[in-house]
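Sequential numbering from 44 applies to the sequence shown in the numbering used here.
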Amino acid sequence: MEKLFVGGFPPEIHEIQIAELFSLHGEVSTVKFIYDRATKKCKGYGFIEMASIEVAENAVSALNGTLLAGRELNVSIVPKEKSKEEVIHTRPPLTEYLKVEKNSPAPKMRQRRPRL
Numbered sequence: 044m045e046k047l048f049v050g051g052f053p054p055e056i057h058e059i060q061i062a063e064l065f066s067l068h069g070e071v072s073t074v075k076f077i078y079d080r081a082t083k084k085c086k087g088y089g090f091i092e093m094a095s096i097e098v099a100e101n102a103v104s105a106l107n108g109t110l111l112a113g114r115e116l117n118v119s120i121v122p123k124e125k126s127k128e129e130v131i132h133t134r135p136p137l138t139e140y141l142k143v144e145k146n147s148p149a150p151k152m153r154q155r156r157p158r159l
């Protein structure tokens, strides 16, 4: 499965219409629009999952920059997420952030006001 980002479509477009548009280029697995929590209106972007990388690349090359109801579509492949283990092992050690040079003055500490 390959996830695509689709942005720039008009908020009045429905998921079925986008699915039909992308299905011309290959099998569409899921379509999910992003909605504003307060107004419940579509924000004009969403995500589509397609069957394979080849199908996704075909859809991106065919649909990126095309006009839909007077608005230009922005279509791109979402990069794969790293697993949690990779993120933990690639994080730099905390000592890199705490570099202290010899003979440097101690950092000034903010004094707290007494509680009343």
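Virtual Cβ for every residue (Gly too), placed ideally from N, Cα, C.
> What is the C-beta distance between residue 57 and residue 102, in whole angstroms, given that I count them as a contact (C-beta under 8 Å)?
Replying inline: In the sequence shown, the residue the question calls residue 57 occupies position 14. In the sequence shown, the residue the question calls residue 102 occupies position 59. With a Cβ gap of about 18 Å, residue 57 and residue 102 do not count as contacting.
> Which residue's Cα is closest to the Cα of residue 107: 78, 123, 85, 65?
Replying inline: Numbered from its first residue, the sequence shown carries residue 107 at position 64. For residue 107, the nearest C-alpha among the options comes from 65.
> Which two residues bound the contiguous beta strand (DSSP E) that contains residue 91?
Replying inline: In the sequence shown, residue 91 corresponds to position 48, counting from 1. Looking at the DSSP string, the run of the beta strand (DSSP E) that includes residue 91 is 85 to 93.
> For residue 81, is the classification buried or exposed, using 16 other Cβ atoms within 10 angstroms of its Cβ as the cut-off for buried?
Replying inline: Counting from 1 along the sequence shown, the entry for residue 81 is found at position 38. By the 10 Å Cβ count, residue 81 comes out exposed.
> Hey, residue 90 and residue 74: beta-carbon distance below 9 Å or not?
Replying inline: Your numbering for residue 90 matches position 47 in the sequence shown. Your numbering for residue 74 matches position 31 in the sequence shown. For residue 90 and residue 74, yes; Cβs fall inside 9 Å.
> Taking C-beta to C-beta, are residue 44 and residue 112 nearer than 9 Å?
Replying inline: Residue numbering aside, residue 44 sits at position 1 when the sequence shown is read from its first letter. Residue numbering aside, residue 112 sits at position 69 when the sequence shown is read from its first letter. No, the pair does not count as a contact, with Cβ atoms beyond the cut-off.
> Under 9 Å, do residue 98 and residue 46 count as touching if we go by C-beta distance?
Replying inline: Taking the sequence shown and counting its residues from 1, one reaches residue 98 at position 55. Taking the sequence shown and counting its residues from 1, one reaches residue 46 at position 3. No, they are not a contact pair.
> At what residues does the beta strand (DSSP E) containing residue 76 begin and finish?
Replying inline: Here the question's residue 76 lines up with position 33 in the sequence shown. It spans 71 to 78 - the beta strand (DSSP E) in which residue 76 sits, taken as one unbroken run.
> Could you give the distance in angstroms between the alpha-carbon of residue 110 and the alpha-carbon of residue 116?
Replying inline: The residue you call residue 110 lines up with position 67 of the sequence shown. The residue you call residue 116 lines up with position 73 of the sequence shown. The straight-line gap from Cα to Cα measures roughly 6 Å.
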